[in-house]
Structure formats: C-alpha cells, structure tokens
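Some notes on the structure that comes next.
Protein chains: 2
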Amino acid sequence: MKEKFVAYIKNLQNEITSALEEIDGKAKFKEDKWTREEGGGGQTRVIENGNVFEKGGVNISEVFGKLPESMQAYFGVKDADFFACGLSLVLHPKSPMVPTVHANWRYFEMYDAEGNTVDSWFGGGQDLTPYYLFEEDAKHFHQVCKIACDKHNEGFYETYKKRCDEYFWNSHREEARGIGGLFFDYLKSSVASAKDDKNIVTEMTMQDWYNFVTEVGNSFLECYLPIVERRKDLSYNEENKNWQEIRRGRYVEFNLVHDKGTLFGLKTNGRIESILMSLPPVVQWKYDHHPEKGSKEEKLVEVLKNPRSWV
Amino acid sequence: MKEKFVAYIKNLQNEITSALEEIDGKAKFKEDKWTREEGGGGQTRVIENGNVFEKGGVNISEVFGKLPESMQAYFGVKDADFFACGLSLVLHPKSPMVPTVHANWRYFEMYDAEGNTVDSWFGGGQDLTPYYLFEEDAKHFHQVCKIACDKHNEGFYETYKKRCDEYFWNSHREEARGIGGLFFDYLKSSVASAKDDKNIVTEMTMQDWYNFVTEVGNSFLECYLPIVERRKDLSYNEENKNWQEIRRGRYVEFNLVHDKGTLFGLKTNGRIESILMSLPPVVQWKYDHHPEKGSKEEKLVEVLKNPRSWV
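Chains as they are written, first to last, in the numbering used here: chain A, 1 to 311; chain B, 1001 to 1311.
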C-alpha cells in the first residue's frame, strides 16, 4: 500500500504542478529536494510571483524511522516505528478575487518493535478560502467534492464536510478559516473512528479507502481550476488587496495557533521552510478592523461565522 | 499592593504614551476602554501610521474573578479567585533602522475559597528587536536595564538577561526573537523561583519587588527613546523595508507559536484585539529566504543565533 500511494502522490504532484503552471502562464515551480536525518525526505515545489499565483507550494514527503517522542504520547504507544507520506499544497493567488486553496492527502503506518504493522490509516481533504464570496464558486467546489465522495458512500460528503468546518475553525475569532470542503483522518479498515456517523457503512478495506482518497485527490484540479479561470482576470483595487492581506492574517493565525499539522511539524524538527510555505506572501494586521456594514467584505465574514450548506 | 500597582501602571501609561506621541510628532494614541464580562477590563491605547511608529499599543488591564479552568490546571489549584493587572506595550516603527520594542510589567494575586490571599507575585521585562544591528544601541538598552537592576541586587541583571534570552527563543528557527533585555516572573517574598540563582539574595519582601519592578518600568523610556532619536531619520531603501517585513514574520511566529501570554489570552477568551495588537502591521513570508553572505542582514541573524553579552 505504501509503495502504491507514494507512486500515486508523485504522479499527482506532477499533474497538479503542470496544470497550475499552465494556468499561471508565467511562473514555474522550483523544486527543492530535502532529506530527513532520521529517515526519508521530500520534494518541495514552490511557485512565486506568477501572473496568478503570488506564492504557493505543492509538496510531497515520505518520512520514516523511530516515532518521535512527542508523537508516542499523542498516539499512546511506546518504541514504535512509523512511515508517513503525503502531498500537501497551498496556493495564495495574487488577485483577491481568486480564493486561496489548501489540500492534503496522506497515508500513515505504525510498526511494533518486531517490525509488524500494528496500524495504518489515510487522512486528508481540501478546502477553499475566498476573500470575496462568489456563491457559484463555493457551490462548484463543494459539488465536485460531493461527486467524488458519493461514488464511495452517500454519507461521506456530509460527514467530511462537517469535519472540515469543525477543524478549520479559528476559535479565538469565532469564525471559520474559509468556506470549507472535506476533512478526514484515521480512515482504517475497521473505521472505528467513524462509528459515530450512522450513515457511514463500516465495511471499508484499506483498498477501498485508497480508492476514496485518490478519488478526492483526482478531483482537486476540477474543484479549483474552473474557479481560478473564472476569477483571475477580474479587476480589483487597492482596497480589495488590503482586505485580502488582512484576511490572510487570519490564515496565519489559524495555521500557527490551531493547525495540528503545522504545530506538530514545528515541534518535531520538521523541515521548517516546507511547513511554513503555507504562510501567505504579504499579510497585514490592522487594529480592530471591521468591514463596513452591508459591504461585500462583511458578507464574507457573515458566511465564515455561520458555515453554510453549499449543495 | 494591588491598588498601589494599578495606580503606578495608570500613571506610567500616561507618561509613556505622552513621550511616544512627542517623539512621533504626528500620530496620537487612540484609547479603547473595554470591560471583561467575568470581572475587570482595560484601556488599550493604539498608535497607527505615525511619522515614527507604523503600529503600536500601550495597554493596561486589571482583571479579576474566578480563575479560568485552563489556569487552574496551570497553577495546580482548584476553585481559586484571582486578580491580575499589568501594562503591556509593543511598538513597531516604520523605519527598519529603528528597532521594535516590547515591555510588560504585571502583578498577580490568587485567593482561596474564603477570599484569603494565598499567593502573589510580580512579573515582566523589556526586550529589543532590531532589524539592523547597531551595537551601540544594543549596549545602551542593556546598560540602562543593568543600572536599574543593580540598584536592587548585583545578580539580577545577569539572571534576568539570561531568562530573557531563553524565553524569547524561536526554537523552530533556532534563533532569538531579538537581542533581549530582561525577563522575570514569579517574583515573590520567598523567591522560591530564584533559588537556582546563587547570586540572588532570597530576602526580598513584596515591597522590595515592587520597588524593583517599578524601577525597571521607569527605565523603559530611557532604554528606548535615545535609540529612536538616533535612528529615526536614517535613510533606508525598499530592500531594507522588505528585510524588516520578513523579520517581522519571525516576530509573528514567536508570538503565535511560543509566547505563553498570547496563547493564554487566545485560549481563555481574552480581548483578542488587545492581545493581537502586538502583531506587526505588514509582514512578508518568502520561501527559504536567506540574507547574503557578509551582508548587514546576515550580521543580525548571526547575533540572533548566538545571543551575546552586551555590557
């Protein structure tokens, strides 16, 4: 399974970076290969100062070895080995009319002292963070997510859409980071983690989950590119750009204060530059900024404070 | 003691904001009074878009009531009441030649169910974050800190300078946030927390600590203003400003990932805008940015990675 999934994310990284370069029309991804002292490494691909993308990264990594101490406590195990691989991407467009997007698809295995696999699971998802709300875009993004989910189980979309809203909640601001999408974790054969969701059948093999996660991964470009295409040439002014940069502040706040993946990476000696490539290129913090009553900016905040159903 | 210290910080807020308005010459502080539902409140004073200061706040607060649950665990107590007051300031100058400064002086009391005071202590400090290193400025800042400390105990400067270097350490970057200053906490009559420092006498009453902390507070303007005066009219170019904004990213990373005070505030329903006024106005994150070999920018990073003795 791990070789199959590694091959999948390598291929997907190529597909996604090619498609993004094509739509950008100017900037090219630069690749940094890195190795991890304790085992494994990755290929970070970064795009900067494009026509469409101000900054973004599409990274894959494959790491393994002794489970770090901080993770042992987290998973409640001792002296375990692990293997983890995944593709992680964040794109920050230049135009405030084009939403930021984030996606991640990953696979994890854990081994006992004798090297037997004791646990394995998939995780990931994809979510959209607009600066101006185009309902048509939100519906499109969620619709494509739902179609991918529905092929595997009619309950998946509802469940993983809800988990996404819960996970990307900037609790200190009482608002969502964006308008959501999908978020799932601990997808295992036994599906113990999903037992609270009565509409999810519990008969999923790891191969079934592989099929599901790769279906979602394959849907990413269809989720995002039509939105970029529709919005990339809209005009905008300095005020729109300021608003984007202020909202990007909330993105930074979420990633540095609440995001488990980021904090985990920062506290366990991950490759800092690959982890923090998720941070936007230019960000503003204004004291006590509030959008004007009835403005487009306020309409966005309204939706972030009260997550909606989009399909 | 609490009335005396509240009166002190109110007066100090006036003194500091007046002096800063004078040196800025353009912007004035705007005051927001706020109240805390559970007890107490504060006065936040914010300056923006000045000649010298791009953004800054000089805030006082006085809060009390039931000790929040998250704090009970932290202090290892149950059903306690508390009182906390303090002045907290951060100034982000426009010019990259003028350093950012942070200071905080605070007093805390804790009560049992019968309302008896079971514990009380002072905390605080002041530290400097330059974007370009002028050794003369670093020496001046530390020298004034040392003079204030020396009046109370010859061991204080060395001890609290070291604690400052340890506290403001951006561990995921393996560098200090700035060039340090003073940091102290849990200053109590018994001085239990300082028992590891053999050169600190243990005979300090709360009145002695009050005298020490206010001595440090009173030294703040003398620490900082001469530096502002010397650097505020130096010329700088876009490259210098970019460097400042990139370094401000590290300031954000420290405050949101590592700073106990910020995280505590965000997770205990503090007044978000007063807490996050510490964040710089405009920030950049560039992927894998490194200053040029032999540049002034590299010289700064060198000192941040290897904290120095300045006096």
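Every residue, glycine too, gets a C-beta built ideally from N, C-alpha and C. Keep in mind it's a predicted model, so treat the numbers as computed, not measured.
Is the separation between the beta-carbon of residue i and that of residue j shorter than 8 angstroms?
i         : j         : result
A/Gly261  : A/Trp285  : no
A/Phe183  : A/Asp127  : yes
B/Ser1061 : B/Gly1039 : no
A/Glu54   : A/Val144  : no
A/Trp243  : A/Pro96   : yes
A/Phe83   : A/Lys30   : no
A/Leu89   : A/Ile9    : no
A/Leu91   : A/Gly125  : no
B/Glu1048 : A/Tyr287  : yes
B/Val1304 : B/Ala1176 : One point to set straight first is that residue 1304 of chain B is Leu, not Val, in the sequence displayed. In this structure, B/Ala1176 lies closer than 8 angstroms to B/Leu1304 by Cβ.
A/Asn59   : A/Ser274  : yes
B/Thr1044 : B/Asp1032 : yes
B/Val1006 : B/His1142 : no
B/Phe1264 : B/Asn1170 : no
A/Ser70   : A/Lys299  : no
B/Thr1205 : B/Ser1189 : yes
A/Gly180  : A/Pro307  : yes
B/Lys1296 : B/Tyr1132 : yes
Are the C-beta atoms of residue i and some chain B residue less than 8 angstroms apart?
i        : result
A/His102 : no
A/Leu89  : no
A/Lys260 : no
A/Val303 : no
A/Arg308 : no
A/Met1   : no
A/Ala192 : Residue placement at A/Ala192 is flagged as unreliable, the pLDDT there being 44, under the threshold of 50; the coordinate-derived value follows with that caveat. False, the Cβ-Cβ gap to chain B never drops below 8 angstroms.
I believe residue i touches residue j by the beta-carbon criterion, under 8 angstroms. Please report the beta-carbon distance rounded to the nearest angstrom.
i         : j         : result
B/His1140 : B/Pro1226 : 6 angstroms
B/Phe1122 : B/Trp1209 : 5 angstroms
A/Thr129  : A/Tyr251  : 6 angstroms
B/Val1216 : B/Ala1148 : 5 angstroms
B/Phe1212 : B/His1152 : 4 angstroms
B/His1172 : A/Ile272  : 6 angstroms
A/Leu256  : B/Leu1279 : About 11 angstroms separates the two Cβ atoms, so there is no contact after all.
B/Asp1165 : B/Tyr1157 : With 8 angstroms as the limit, B/Asp1165 and B/Tyr1157 do not qualify as a contact, their Cβ atoms being about 13 angstroms apart.
B/Gly1050 : B/Lys1026 : 5 angstroms
B/Val1282 : B/Glu1245 : 6 angstroms
B/Arg1347 : B/Val1098 : Here chain B covers residues 1001 to 1311 and nothing more, so residue 1347 of chain B does not appear.
B/Glu1021 : B/Lys1028 : 6 angstroms
B/Ala1080 : B/Tyr1111 : 6 angstroms
Is residue i close to chain A, meaning its C-beta is less than 8 angstroms from at least one C-beta of that chain?
i         : result
B/Glu1253 : yes
B/Val1046 : yes
B/Lys1195 : Since pLDDT at B/Lys1195 reaches only 47, below the 50 mark, its modelled position is unreliable, and the value read off the structure follows with that caveat. Judged by the 8 angstroms Cβ criterion, B/Lys1195 is not in contact with chain A.
Note down, in chain order, every chain A residue with its Cβ under 7 angstroms from the Cβ of residue i.
i         : result
B/Leu1266 : His172, Val257
Tell me whether residue i counts as near the ligand SAM, meaning its Cβ is closer than 7 angstroms to at least one heavy atom of that ligand.
i         : result
B/Ala1103 : The ligand SAM is absent from the structure shown, which contains no ligand whatsoever.
Quick one: does residue i have its CB under 8 angstroms from some CB of chain C?
i       : result
A/Ile60 : In the structure shown, chain C does not exist; the protein chains are A and B.
query: Residues in the region 1273–1298 of chain B with C-beta within 8 angstroms of chain A's C-beta atoms, listed in sequence order?
result: Listed by position, the residues of the region 1273–1298 of chain B near chain A (Cβ gap below 8 angstroms) are Glu1273, Leu1276, Met1277, Leu1279, Pro1280, Pro1281, Val1282, Val1283, Gln1284, Trp1285, Lys1286, Tyr1287, Asp1288.
- request: Taking a Cβ distance cut-off of 9 angstroms, strictly less, list which residues of the region 52–74 of chain A are near chain B, in chain order.
  value: Residues passing the 9 angstroms Cβ filter: Lys55, Gly57.
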